[in-house]
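*Asks:* Input: one structure, supplied below.
Numbering (the numbering used here), first residue to last: 7 to 259.
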């Protein structure tokens, strides 16, 4: 939205032809920066409470640089980049203060750690091979202001490993269950907890796992109540949703 448009809206509010709530709604959906190859949404935080996140796969380092510079002009801290390659990270680290995690391929520009929700998000995996997706979820949740507890390699093949962490499960506000193979972890955790469980099927597994489809269908057919499911390998989506749920009770003062 250009300056003259904002002034026009304020004038309408002043003379009573537009109420303040309608003006606010117009402003929320108005502002983006047209870079030609991308239209950077600067009012996403107003609408959703969280600034725009950059999906790194398929974008050139130069394109990401332009998007980052646009975002920094409005939200200078904690710009999140998912699926960021090591080569692109090298390029961006020479231009910005970049924190890069090679396991999850998460990049954070101008990282400033902060906790804005009082509850805890637990991220659990069936096996060690699920950790890259789990770390994408965990780091996303942390960047969005949440306390995260990690329970890795607690799958149903050795369920005593999970049961030894029942205290962490009981204290959680949200649990993210990340698993491949048959994806049973989400159902088991759903049966042990009284909070929302977000299942993340991963593409880990042998041939009949169909690159995560078997785990996806298992989680969708969970007999445990309170289990929702995101797409295969979508750690970011799980971390984002978990953060939204965790913040419902109110932010930390």
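Ideal placement from N, C-alpha and C gives every residue a C-beta, glycine not left out.
1) What is the rounded straight-line gap between the Cα of residue 8 and the Cα of residue 175?
2) Can you look up residue 146 in the DSSP assignment and give me helix, strand or coil?
3) Which residue marks the beginning of the beta strand (DSSP E) containing residue 113, and which one marks its end?
4) How many Å lie between residue 59 and residue 23 at the Cα?
5) In three-state DSSP terms, what is residue 8?
6) Have a look at the DSSP bridge pairing and note the partners of residue 153.
7) Would you mind working out which of 123, 188, 44, 20 sits nearest residue 226, comparing C-alpha positions?
8) Whole angstroms are fine: how far does the CA of residue 111 sit from the CA of residue 246?
9) Between the region 202-217 and the region 102-111, do at least 3 Cβ pairs fall closer than 8 Å?
10) Any contact of the region 124-134 with the region 153-166, i.e. 3+ C-beta pairs under 8 Å?
11) Once the 5 residues before and after residue 200 are set aside, which same chain residues still bring their CB inside 6 Å of it?
12) Compute the Euclidean distance between the alpha carbons of residue 179 and residue 51, then round it to the nearest angstrom.
13) Find out if the Cβ-Cβ distance for the pair residue 197, residue 221 is shorter than 8 Å.
14) To the nearest angstrom, report how far apart residue 86 and residue 254 are at their CA atoms.
15) Assuming the contact rule is C-beta atoms closer than 8 Å, residue 208 and residue 154 should be a hit. Round their C-beta distance to whole Å, please.
16) So which of 42, 54, 94, 173 has the shortest CA-CA distance to residue 61?
17) By how many angstroms is the C-alpha of residue 97 removed from the C-alpha of residue 19?
18) From residue 228 to residue 191, what does the alpha carbon distance come to, in whole angstroms?
19) Assuming contact is defined by CB atoms lying nearer than 8 Å, are residue 252 and residue 56 in contact in what I supplied?
20) Could you please give me the residues that DSSP links to residue 206 through a beta bridge?
21) Of all the beta strand (DSSP E) runs that stay within the bounds of the region 55-123, which reach a length of 3 or more residues?
22) Out of 136, 232, 233, which has the shortest C-alpha to C-alpha gap to residue 218?
*Replies:* In brief:
1) Low local confidence applies: a pLDDT of 47 at residue 8 is under 50, so the model's placement there is unreliable, and no value is given.
2) helix
3) 112-115
4) 36 Å
5) Low local confidence applies: a pLDDT of 47 at residue 8 is under 50, so the model's placement there is unreliable, with the coordinate-based value given in what follows. Coil.
6) 126
7) 188
8) 16 Å
9) no
10) yes
11) none
12) 23 Å
13) no
14) 22 Å
15) Their Cβ separation, rounded to whole angstroms, is 18 Å, which puts residue 208 and residue 154 out of contact at 8 Å.
16) 94
17) 46 Å
18) 10 Å
19) no
20) 184
21) 85-88, 104-107, 112-115
22) 136
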